[in-house]
Amino acid sequence: MRIVLVVACALIDPDGRILIARRPEGKNLAGLWEFPGGKIEPGERPEQSLIRELAEELDISVKEACLAPLTFASYAYEDFHLLMPLYVCRRWEGTPRSREGQALKWVRAGKLRDYPMPPADEPLIPHLIGLVGA
Ligand code: C5P
Numbered sequence: 001m002r003i004v005l006v007v008a009c010a011l012i013d014p015d016g017r018i019l020i021a022r023r024p025e026g027k028n029l030a031g032l033w034e035f036p037g038g039k040i041e042p043g044e045r046p047e048q049s050l051i052r053e054l055a056e057e058l059d060i061s062v063k064e065a066c067l068a069p070l071t072f073a074s075y076a077y078e079d080f081h082l083l084m085p086l087y088v089c090r091r092w093e094g095t096p097r098s099r100e101g102q103a104l105k106w107v108r109a110g111k112l113r114d115y116p117m118p119p120a121d122e123p124l125i126p127h128l129i130g131l132v133g134a
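So the sequence shown is numbered by the UniProt record's numbering: it starts at 1 and just counts up by one.
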């Protein structure tokens, strides 16, 4: 089965809330909420991909030293196997804003289940609750 490598990040604000983004219409899994990130391009390390994606999607600048790996999603979709490390980040430059039309929301970890997520992302929620509390 084809393996797709994606990297995601939970941005955590000073109140312990986490940023999620809604996948726009026209994309696979449109309307579902996810942790920002994207595909790892050939030759990139996950941290490099994430820094690039966070700049492209959210217009923020993140230093590699501010990215901490938390856990890993591994999910077999019908036509590919998704492998997705999840990082957390509490420090960045700029204010996240949507550059690609996706809705953004800051949510307490304990409320993440109120937002429908891709099946690969859902198992990440308990790890975030364990880190920042509900
Ligand atoms: O974001 P993009 O469409 O490039 O991601 C590739 C695929 O990885 C998506 O179609 C989706 O099935 C999966 N994905 C996911 N959870 C994410 C990001 C992507 O399940 N947070």
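Positions of the beta carbon are idealized from the N, C-alpha and C atoms, including for glycine.
Here the structure is a predicted model, which means the values were calculated and not measured.
Within 8 Å, strictly: CB atoms of residue i and residue j
| i | j | result |
| --- | --- | --- |
| V7 | I60 | no |
| D121 | E34 | yes |
| L58 | R97 | yes |
| P42 | E100 | no |
| I3 | L124 | no |
Burial state of residue i (16 or more Cβ within 10 Å)
| i | result |
| --- | --- |
| A21 | buried |
| E47 | buried |
| P85 | buried |
| M117 | buried |
Pairwise C-alpha distance: residue j and residue i
| i | j | result |
| --- | --- | --- |
| C89 | H127 | 14 Å |
| G37 | C9 | 6 Å |
| G133 | E64 | 25 Å |
| M1 | P119 | 18 Å |
Q. Taking contact to mean at least 3 C-beta pairs separated by less than 8 Å, is the stretch 95-114 in contact with the stretch 5-23?
A. yes
(Q) Taking contact to mean 3 or more Cβ pairs, one atom from each stretch, closer than 8 Å, check whether the stretch 24-34 and the stretch 61-72 are in contact. (A) no
Q. Considering only residues of the UniProt domain "Nudix hydrolase" (2-130), which uninterrupted beta strand (DSSP E) runs meet the minimum length of 3 residues and lie entirely inside it, listed in chain order?
A. 3-11, 17-22, 37-39, 68-76, 81-89 and 104-108
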